[in-house]
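Structure record follows, encoded as structure tokens.
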Amino acid sequence: MLIVDADVVQVERGLRAGELTCPSCGAVLAPWGHGRSREIRGDLGARLFVRPRRSRCTGCQVTHVLLPEVVWPRRTDAAEVIGAGLEIAALGMGHRRIAAHLGLAEGTVRGWIRRFRRRSEDVRRYFTVALVALADDPVMPEAAASPLSDAVLVIAAAHRAAAMKWPAINTVSPWAFAGRAIGGRVLTCTLSAS
Ligand SMILES: [Zn+2]
Numbered sequence: 018m019l020i021v022d023a024d025v026v027q028v029e030r031g032l033r034a035g036e037l038t039c040p041s042c043g044a045v046l047a048p049w050g051h052g053r054s055r056e057i058r059g060d061l062g063a064r065l066f067v068r069p070r071r072s073r074c075t076g077c078q079v080t081h082v083l084l085p086e087v088v089w090p091r092r093t094d095a096a097e098v099i100g101a102g103l104e105i106a107a108l109g110m111g112h113r114r115i116a117a118h119l120g121l122a123e124g125t126v127r128g129w130i131r132r133f134r135r136r137s138e139d140v141r142r143y144f145t146v147a148l149v150a151l152a153d154d155p156v157m158p159e160a161a162a163s164p165l166s167d168a169v170l171v172i173a174a175a176h177r178a179a180a181m182k183w184p185a186i187n188t189v190s191p192w193a194f195a196g197r198a199i200g201g202r203v204l205t206c207t208l209s210a211s
């Protein structure tokens, strides 16, 4: 699995031009049909249909689904929706109220928060390094009330720094940016092969 641009035309062009490389061995990825279609819940109850492109490595022969950055692996909610929930959690609100606010099941939101809490130290560390690398004059966010809040703040700071450096990033939400940067591992540390 590989997280790619949400622009399917751009991805198709890159794939055909041999610009995408295998996350395991670095060889060129070739087009290889499509992954299964999935329905994603977007903002304000919007329904997004995603049919990700599949690719096959010309080196190790492993197939990789090219998942658009608006989606995270094994999640039926868009990255932006989950990210909005995590941002509210960072302010100290509990999962029940967040679920009511987003119009989603409590168990779903509790699951995101629980997973992100387990990942928060790794995520914080990764985006702190990214922030230092991206910003000319990096300003570290002040320590927040919880590791979860620290992780949310540093993702936002790294996204701002990336948008200063590459203005095109401005059109991408901080959560799509985060997923793309760490290969979709915002809520999980392992990914399926395809
Ligand atoms: Zn490979």
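The opening position of the sequence shown corresponds to residue 18 in the numbering used here, with each subsequent residue numbered one higher. Here a beta-carbon is modelled for each residue, glycine too, at the ideal position from N, C-alpha and C. Here the structure is a predicted model, which means the values were calculated and not measured.
In chain order, the residues that have a beta carbon nearer than 6 Å to some heavy atom of ligand 1 are 39, 41, 42, 44, 74, 76, 77, 79.
Take residue 191, set aside five residues on each side of it, and the residues of its chain with a beta-carbon closer than 7 Å to its own are 100, 172, 173, 176, in chain order. Taking residue 53 as reference, the option from 72, 120, 114 with the minimal CA-CA separation is 72. Taking 8 Å as the cut-off, the beta carbon of residue 131 is found no closer than this to the beta carbon of residue 123. Counting along the chain, the unbroken alpha helix (DSSP H) around residue 33 starts and ends at 25-33. Within the DSSP secondary-structure output, residue 45 pairs in a beta bridge with 38. Around the beta-carbon of residue 141, 16 or more other beta-carbon atoms lie within 10 Å, marking it buried.
Looking only at 139, 29, 70, the smallest Cα-Cα distance to residue 18 is reached by 70.
Per DSSP, the beta bridge partners of residue 20 are 84. For residue 24, the closest of 188, 201, 151, 120 by C-alpha to C-alpha distance is 188. Counting the other CB atoms within 10 Å of its CB gives residue 81 a total of 16 or more, which places it among the buried residues. If you ignore the 5 residues before and after residue 199, its C-beta comes within less than 8 Å of the C-beta of 140, 143, all in its own chain and listed in chain order. In the DSSP annotation of this structure, the continuous segment of the alpha helix (DSSP H) that includes residue 98 starts and ends at 96-107. DSSP places residue 196 within a helical segment (H, G or I) once states are collapsed to three.
Boundaries cannot be given for residue 121, as no beta strand (DSSP E) includes it and DSSP labels it neither H nor E. With the rule of 3 Cβ pairs closer than 8 Å, the region 47-62 counts as touching the region 84-98.
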